[in-house]
Amino acid sequence: MPDISCNAIIVSCIDFRIQEHINAWADTYLGEYNFDRMLYAGGAKDFYHVMEQIELSHDLHHIKKVVLVNHEDCGAYGDEGTEEKIKADLIKAEEKIEALEQGVDVETYYLKLDGTFEEVSRTSPRFVKKD
Numbered sequence: 012m013p014d015i016s017c018n019a020i021i022v023s024c025i026d027f028r029i030q031e032h033i034n035a036w037a038d039t040y041l042g043e044y045n046f047d048r049m050l051y052a053g054g055a056k057d058f059y060h061v062m063e064q065i066e067l068s069h070d071l072h073h074i075k076k077v078v079l080v081n082h083e084d085c086g087a088y089g090d091e092g093t094e095e096k097i098k099a100d101l102i103k104a105e106e107k108i109e110a111l112e113q114g115v116d117v118e119t120y121y122l123k124l125d126g127t128f129e130e131v132s133r134t135s136p137r138f139v140k141k142d
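Residue numbering for the sequence shown follows the working numbering, beginning at 12 and increasing consecutively.
Written out as structure tokens, the structure reads:
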């Protein structure tokens, strides 16, 4: 079997409103078509369901980076979908992935519906790009 690898896996929500922004951002920052995609309602909200796919991507495609994107106004969160809660879930997921020590970098982003990607981490957030 040939060695099949890609740079990263992007985990994001199924919401149609964010797909164009994510596609443009990924092509620019990860390389066109050089990543796995996982769409799950709520993105990294339900970490344990998402983690299985991240591990498969790591094992099968030798990814070096995990990119988690949660977004503004996410219906999967319902009434608890505040910006603070959504960002807190990203940070928790980042910590859990790093604790697995799989040798992958983890990047987490909060995506506003206008296309602005805000990097979220245990340190300070910063704005990255608007389409």
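By construction, the Cβ of each residue, glycine as well, lies at the ideal position given by its N, Cα and C atoms.
Bear in mind that the values here come from a model prediction, so they are computed numbers and not experimental data.
At what residues does the alpha helix (DSSP H) containing residue i begin and finish?
i	result
Thr39	27 to 40
Ser68	58 to 72
Can you have a look at residue i and say buried or exposed, based on whether 16 or more other CB atoms are within 10 angstroms of its CB?
i	result
Ser23	buried
Phe138	Any reading at Phe138 must be qualified, since the residue scores a pLDDT of 49, below 50, and its modelled position is unreliable; no value is offered.
His60	exposed
Asp26	buried
Tyr44	exposed
Met54	With the sequence shown as reference, residue 54 is identified as Gly, and Met is not the correct amino acid for it. Looking at its Cβ environment, which holds 16 or more other Cβ atoms inside 10 Å, Gly54 is buried.
Ala104	buried
Asp100	buried
Suppose the cutoff is 6 angstroms on Cβ atoms and the five residues either side in sequence are ignored; what does the same chain contact list for residue i look like?
i	result
Val78	Ala19, Ile21, Glu118
Lys123	Glu83
His73	Ser16
First and last residue of the beta strand (DSSP E) that includes residue i?
i	result
Glu94	Careful: Glu94 lies outside any beta strand (DSSP E), inside the alpha helix (DSSP H) at 94 to 110.
Would you list the one or two residues that DSSP bridges to residue i?
i	result
His82	Leu122
Val8	What the structure shows of the chain is the stretch from 12 to 142, and residue 8 is not part of that stretch, so it cannot be assessed.
Val117	Val77
Take residue i and list the residues in its own chain whose beta-carbon comes closer than 7 angstroms to its own, dropping the five residues that flank it on each side.
i	result
Lys98	Tyr121, Val131
Phe46	Cys17, Asn18, Ala19, Ile20, Ile21, Ala37
Arg28	Leu124
What residues in its chain sit with their C-beta under 8 angstroms from that of residue i, if we drop five residues either side in the sequence?
i	result
Glu94	Glu83, Tyr121
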